[in-house]
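Residue numbers (the UniProt record's numbering): 1 to 375.
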């Protein structure tokens, strides 16, 4: 049976170079890589990953557990993690928790049994005994996108507070006053943070948010549609619905279009989490964009710091408001024109009047009795 030194001799390189090729180290030139691959094929050499890991006490693999593989946010996040890890010579094994603590624990256990060098976890709502055991045991672990209370674990996440504050001011300046919010689960840190930020921003901007305008979803399409239907059926429905993630926004779009309502004339819509197709539908959807790819890259770097024995610092990156046309008047290229505090008084007044006119038309459309409604 061929050994690694036989491959090195056949390819005319060192054993260390063959090892770098096997670990997909980007420092190896493509020419050298192809020579090593050719030598492996000629000798029928099959690398023994288990044996390598036993000798080095490292598998050069990282485990990633995401919340929901159907959510575009997590698929983009996983891609970024995989790319960054590969550039550092690591392979990533991915598990989909499907927002369930039992499935999360299943993958944590399986990945540890496979002797991954470290774990990146987008935690579910529950602090499970297994996760506590991993933390107590000092296993290299980084939380991604979310955090769990009471656990001293470095995290990499986005903060949407300022972007939500900008959104509230933008909606106010367009003339909107009644804004509803469909949040994610309050048991998740992201659900709590976005709800707290929205209520504070709405209060600061003078937007009316009665209790019936705040609904709790589950970051899934079905809840977005069902809760949008409930909001539209209120005696005084909101003028704009802000959805706590992109999948719930998709459900809201389904409900709005099934009712034959027009965006933004009859109802405005905003999503937390931007996805590429939001900019390509008509009208394009205003959204709060998280730096998803950068979150993935930074999470890998934090985990690699832990593996190298360096101090691992938590990272918080800002989210940003992407203004499009789904809330009101639009400017060039379908981009919405937000009137800020420094805008001209005439422009502010015009935006406000437009909002009042849209509220009248919207109420008429929802009631189906346009002739009986006055703005």
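Backbone N, C-alpha and C fix where the C-beta goes; we use that ideal spot for every residue, glycine too. Owing to the predicted nature of the structure, the values given are computational and were not obtained by experimental measurement.
TODO: Along the alpha helix (DSSP H) that carries residue 221, what are the first and last residues, could you check?
DONE: First-last of the alpha helix (DSSP H) with residue 221: 221-232.
TODO: Just tell me which of 40, 97, 93 has its CA closest to the CA of residue 68.
DONE: 97
TODO: Report the residue ranges of all beta strand (DSSP E) runs contained in full by the segment 32-115; include only those spanning at least 3 residues, in chain order.
DONE: As far as the segment 32-115 is concerned, its whole beta strand (DSSP E) runs of at least 3 residues are 61-66, 91-96.
Open item on the list: Going residue by residue through the segment 245-285, where are the continuous alpha helix (DSSP H) segments of at least 4 residues, counting only ones entirely within it?
Closed with: 246-258
TODO: Taking residue 188 as the reference, give the member of 210, 123, 40 with the closest Cα.
DONE: 123
Task: Local conformation of residue 27 per DSSP, three classes - done: coil
Open item on the list: Runs of 3 residues minimum, wholly inside the segment 154-200: which ones carry the beta strand (DSSP E) assignment?
Closed with: If we require 3 residues or more, the beta strand (DSSP E) runs fully inside the segment 154-200 come out as 155-159, 179-183.
TODO: In the DSSP assignment, find the unbroken beta strand (DSSP E) run with residue 216 in it and report its ends.
DONE: Run containing residue 216: 214-216, per the beta strand (DSSP E) assignment.
Open item on the list: Considering just the uninterrupted stretch of the beta strand (DSSP E) at residue 207, what are its terminal residues?
Closed with: Premise fails: residue 207 is in no beta strand (DSSP E) and is neither H nor E.
- [ ] Could you tell me the distance, in whole angstroms, from the CA atom of residue 29 to the CA atom of residue 232?
- [x] 60 Å
Open item on the list: Using CA atoms only, rank isn't needed, just tell me which of 77, 236, 229, 190 is closest to residue 291.
Closed with: 77
- [ ] Take the Cβ of residue 239 as the centre, count every other Cβ of all protein chains shown within 10 Å, and call the residue buried at 16 or more, exposed below.
- [x] By the neighbour-count rule (16 or more Cβ atoms within 10 Å), residue 239 is buried.
- [ ] Label residue 275 either buried or exposed according to how many other C-beta atoms from any shown protein chain fall within 10 Å of its C-beta, with 16 as the threshold for buried.
- [x] Taking all protein chains in view, the Cβ of residue 275 is crowded by 16 or more other Cβ atoms within 10 Å, so the residue is classified as buried.
Task: Neighbour-count burial assignment, residue 195, 16 or more Cβ in a 10 Å radius - done: The residue is buried, with at least 16 neighbouring Cβ atoms inside 10 Å.
Task: Inter-residue Cα distance where the pair is residue 261 and residue 268 - done: 10 Å
TODO: With residue 129 as the anchor, note down where its alpha helix (DSSP H) starts and where it stops.
DONE: 129-136
- [ ] Please say whether residue 250 and residue 144 have beta carbons closer to each other than 8 Å?
- [x] no
Open item on the list: Quick check: what's the CA-CA separation for residue 136 versus residue 254?
Closed with: Cα atoms of residue 136 and residue 254: separation of roughly 45 Å, rounded to the nearest angstrom.
Open item on the list: If contacts are defined as beta-carbon pairs under 8 Å, then residue 320 and residue 201 qualify, I think. What distance do you get, rounded to the angstrom?
Closed with: Actually they do not touch by this definition, with Cβ atoms about 15 Å apart.
Open item on the list: Is the separation between the beta-carbon of residue 92 and that of residue 64 shorter than 8 Å?
Closed with: yes
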